[in-house]
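Here is the structure we will look at.
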Amino acid sequence: MWWRRAPGPVDETPSTPQERLEELLSAYLDGEVTAAEATEVEAALEADPAARDTLEALRTMTSAFASLGEVRAPRSFAIPAAPTVAATGPLATFRSIEVFMRASAAVAALFFVVAVATPNGADTPVANFATQAESDAAGGMATLQSAEEVTPGDAPAPSFGPPSAEDAGASDAGNDADAGGGTDAGDGATPSVDFGATGLADGERSAGDEPTDDGADRRSDEGALETLKAPEPGTFGGAVSSDGVGGVAPALATLALLLTALSVLLARTRARG
Amino acid sequence: MTTPFPSTAPQQDDVIDALVERARAGDLQAFNSLVLRYQDGLYSLTLRMLGSSQPAEDATQEAFIRAWQRIDTFRGGSFKSWLFTIAANQARDELRRRVRRPAQSLDQARDDPDRADLDPPGDEPSPEAEAERGEMRAALEQALLTLPDDWREVVVLADVHGMDYREVAAATGLALGTVKSRLSRARSRLREVIRDSRELSDAVERLGVRR
Chain A
7 MWWRRAPGPV DETPSTPQER LEELLSAYLD GEVTAAEATE VEAALEADPA
57 ARDTLEALRT MTSAFASLGE VRAPRSFAIP AAPTVAATGP LATFRSIEVF
107 MRASAAVAAL FFVVAVATPN GADTPVANFA TQAESDAAGG MATLQSAEEV
157 TPGDAPAPSF GPPSAEDAGA SDAGNDADAG GGTDAGDGAT PSVDFGATGL
207 ADGERSAGDE PTDDGADRRS DEGALETLKA PEPGTFGGAV SSDGVGGVAP
257 ALATLALLLT ALSVLLARTR ARG
Chain B
3 MTTPFPSTAP QQDDVIDALV ERARAGDLQA FNSLVLRYQD GLYSLTLRML
53 GSSQPAEDAT QEAFIRAWQR IDTFRGGSFK SWLFTIAANQ ARDELRRRVR
103 RPAQSLDQAR DDPDRADLDP PGDEPSPEAE AERGEMRAAL EQALLTLPDD
153 WREVVVLADV HGMDYREVAA ATGLALGTVK SRLSRARSRL REVIRDSREL
203 SDAVERLGVR R
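Those sequence lines, one after another, are chains A and B.
The opening position of the first sequence corresponds to residue 7 in this note's numbering, with each subsequent residue numbered one higher.
The opening position of the second sequence corresponds to residue 3 in this note's numbering, with each subsequent residue numbered one higher.
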C-alpha cells in the first residue's frame, strides 16, 4: 500500500520482482520474515533453482563476513580519572589560573574579614607602632594598651596618645592585662583615658596579688615589645599603620570580589570551551 | 590480535549488569571494566565504518566518553547494543564531516597501512596458513570498503557484528523496513564485487565454509 510506505530514498524499495525476492531471501536467511513471507520464500525455493543458489551464496558470504570477528583495539580506551583528564592541554592552563585566582580571592577575603571584624584589635598594634617610635617610655604603656585594646569596639587610636609616664606600674600592668582583658570586655565604650586608669588599677592589683610573677612579667613585656617592634617600615604592617583600616579594608574587599569574578569568568569560559 | 566475543552466558550477563549498575552510580572503575570488555567491538565497528585506524581510535574514545557522560540515560536492555549505537553515531558523524570521497578501489585500500591491523589472527596451525587467512580477511575487509558508507554500516552491524534487525535499526536510527531493504541491497552489491574477483570468491568460499 503506497500510503503506508515509510518515506525514504527511492532505491530502498525493491523495484523488481527479482529484487523483492532477494530481499525476502536475505531476511529469510536472518530469520527476519513473517510466517506468510516464510511460506512465500519456501515456495520460491522449492520451485526456483536460482533462488536456492542465491540463498546459498548469501549464506556463504555472510558466514565469511561473520568470520572477520573483532579487531583488537590498539590501546586501552579506559577513561582516566577527572584530574588526569584535566592535566593536559589548554584546559590545564585555564584550571591553574582559575585556582590561583580563587586562592588569591580567598586570601584577600580573609584579610578583609580580619581587618573589619576586629577593627581596633587589628588596629591597636599598628597604632602603637607609631606611639612606640615616638617615645621609649611609652613602651610599657603601649603593651598595656595593646592588651587592653583586645576589647572589642573601643576608642579610636588617637586617644591612646596621652599615656601615663609611670613606667614601673605600666610595665607590670601591661602584662597583667593579658589576663585582665577578658574581664574588661564590657568596657568597650570607655574612653581611652579611663583605659589607662583601669589598666593601671588592674596592674596595681595584679602586682599586689601576684608579686612573685614580677620577673616573668618583665620578660614577657620585653617579648611583647619586640613583637610590636618587629614590622619594618615599608612592610605590609608598616603600610597598614600609615593607611589605617579605613583605607585597606575596602581595597581588600574590592580585590577579593574582583578575583572571585575573574575566576567565575574563567570557569564559564572553560565550560563553554 | 582478536579478543573473544563477549559471552552471552547468563553468568556473564549478571557480571555485566552489576558493572553497569555500579557505573550508573558513578563508579568509573566499573565503567572502565566495561570499556575493556567492549573496546575491541567498538573499535572494530568504527574501523570498518571509517576505514582507517586513527579516526577509528578517535571515534571509539569519544564514544566511550559520551557513554560515560550519559550513562544515566541507559534504560536497560543490551548494554553492548547501547554502546554500539553511540559508536555508530560517532562514526557516522565523522563520515558526515568528511568530504565525500569516491569509493576506494581494492588495490588502493589494500595499500593503506592503516588496514594492516584488520588481519586478526586465528587459530591456524601454521604461519603460512595464518598468512593466507589474513590475506583473505583483508580482501573481504576491502570489499566492504567498496560499499557506500550507509550501506556498509548496516552490513558491518548485521553481518560482521551479528546484530539483529531491531538492534541495527536502533543503532542506525533507520526504520526496520529500511534496514531490511538496505541490507539486501548491500549484500547484492557485495555478491557482485565478489563475483568479479577471483581472490574474493576464493576467500568467501574458504572462510564461509569453515564457519
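The C-beta atom is built at its ideal place from N, Cα and C for all residues, glycine as well.
Note that this is a predicted model, so its numbers are computed, not measured.
Straight-line Cα distance separating residue j from residue i
i	j	result
D151 (chain B)	L261 (chain A)	58 Å
A56 (chain A)	V206 (chain B)	19 Å
E43 (chain A)	P23 (chain A)	14 Å
A118 (chain B)	R78 (chain A)	In this prediction, A118 (chain B) has a pLDDT of 45, which is less than 50 and means its spatial position is unreliable; nothing more can be read from the coordinates.
P237 (chain A)	R274 (chain A)	Note that P237 (chain A) scores a pLDDT of 44, beneath 50, so its modelled location is shaky and nothing firm can be said.
D60 (chain B)	L38 (chain B)	16 Å
L271 (chain A)	A32 (chain B)	35 Å
K82 (chain B)	E155 (chain B)	17 Å
V119 (chain A)	R108 (chain A)	16 Å
A28 (chain A)	L61 (chain A)	Note that residue 28 (chain A) is Glu in the sequence shown, not Ala. Near 8 Å, if we compare the C-alpha coordinates of L61 (chain A) and E28 (chain A).
R26 (chain B)	T45 (chain A)	46 Å
Q41 (chain B)	S80 (chain B)	15 Å
S54 (chain B)	Q144 (chain B)	11 Å
S73 (chain A)	R139 (chain B)	8 Å
L146 (chain B)	A111 (chain A)	60 Å
D68 (chain B)	E48 (chain A)	Per the sequence shown, residue 68 (chain B) should be read as Arg rather than Asp. One C-alpha to the other measures close to 45 Å.
M67 (chain A)	T40 (chain A)	23 Å
L116 (chain A)	L263 (chain A)	12 Å
R208 (chain B)	A70 (chain A)	8 Å
R78 (chain B)	S190 (chain B)	Residue identity check: residue 78 (chain B) is Gly in the sequence provided, not Arg. Taking the straight line from one Cα to the other gives about 35 Å.
A53 (chain A)	R100 (chain B)	47 Å
T62 (chain B)	L51 (chain A)	42 Å
A93 (chain B)	A173 (chain B)	11 Å
F106 (chain A)	V254 (chain A)	22 Å
Q71 (chain B)	T87 (chain B)	15 Å
I73 (chain B)	G175 (chain B)	19 Å
P158 (chain A)	E23 (chain B)	In this prediction, P158 (chain A) scores a pLDDT of 41, lower than 50, which makes its location untrustworthy; the coordinate-derived value is nonetheless stated afterwards. Using only the alpha carbons, I get a separation of about 57 Å.
N34 (chain B)	Q14 (chain B)	16 Å
A111 (chain B)	V17 (chain B)	Interpretation of A111 (chain B) is limited by its pLDDT of 46, a score under 50 that renders its predicted location unreliable; no figure is taken from the coordinates.
T180 (chain B)	G28 (chain B)	37 Å
G37 (chain A)	G136 (chain B)	30 Å
S186 (chain B)	S269 (chain A)	58 Å
CB-CB length for residue i against residue j, believed under 8 Å
i	j	result
L36 (chain B)	L21 (chain B)	5 Å
L52 (chain B)	A89 (chain B)	Not really, about 11 Å apart at Cβ, beyond 8 Å.
L64 (chain A)	L31 (chain A)	6 Å
L202 (chain B)	L149 (chain B)	In fact, because the Cβ distance is near 13 Å, the residues do not count as touching under 8 Å.
L258 (chain A)	A121 (chain A)	6 Å
V211 (chain B)	A188 (chain B)	In fact, because the Cβ distance is near 22 Å, the residues do not count as touching under 8 Å.
L85 (chain B)	A65 (chain B)	7 Å
R170 (chain B)	A177 (chain B)	The sequence given here places Val at residue 170 (chain B); Arg does not occur at that position. Not a contact, Cβ separation roughly 11 Å.
L265 (chain A)	A114 (chain A)	6 Å
A267 (chain A)	K182 (chain B)	With 8 Å as the limit, A267 (chain A) and K182 (chain B) do not qualify as a contact, their Cβ atoms being about 59 Å apart.
S46 (chain B)	E25 (chain A)	No, S46 (chain B) and E25 (chain A) are not in contact; Cβ-Cβ is about 30 Å, not under 8 Å.
Assigned secondary structure, residue i (DSSP; H/G/I helix, E/B strand, else coil)
i	result
A79 (chain A)	coil
A50 (chain A)	helix
I73 (chain B)	helix
D152 (chain B)	helix
V39 (chain A)	coil
T22 (chain A)	coil
R100 (chain B)	coil
S32 (chain A)	helix
P86 (chain A)	coil
S199 (chain B)	coil
A267 (chain A)	helix
S54 (chain B)	coil
M165 (chain B)	coil
A177 (chain B)	coil
D29 (chain B)	coil
I18 (chain B)	helix
G136 (chain B)	helix
L74 (chain A)	coil
G43 (chain B)	helix
S110 (chain A)	helix
S80 (chain B)	coil
S128 (chain B)	coil
* Asked: Counting Cβ pairs, one atom from each stretch, are 3 or more of them under 8 Å apart for the stretch 127 to 140 of chain B and the stretch 159 to 179 of chain B?
  -> no
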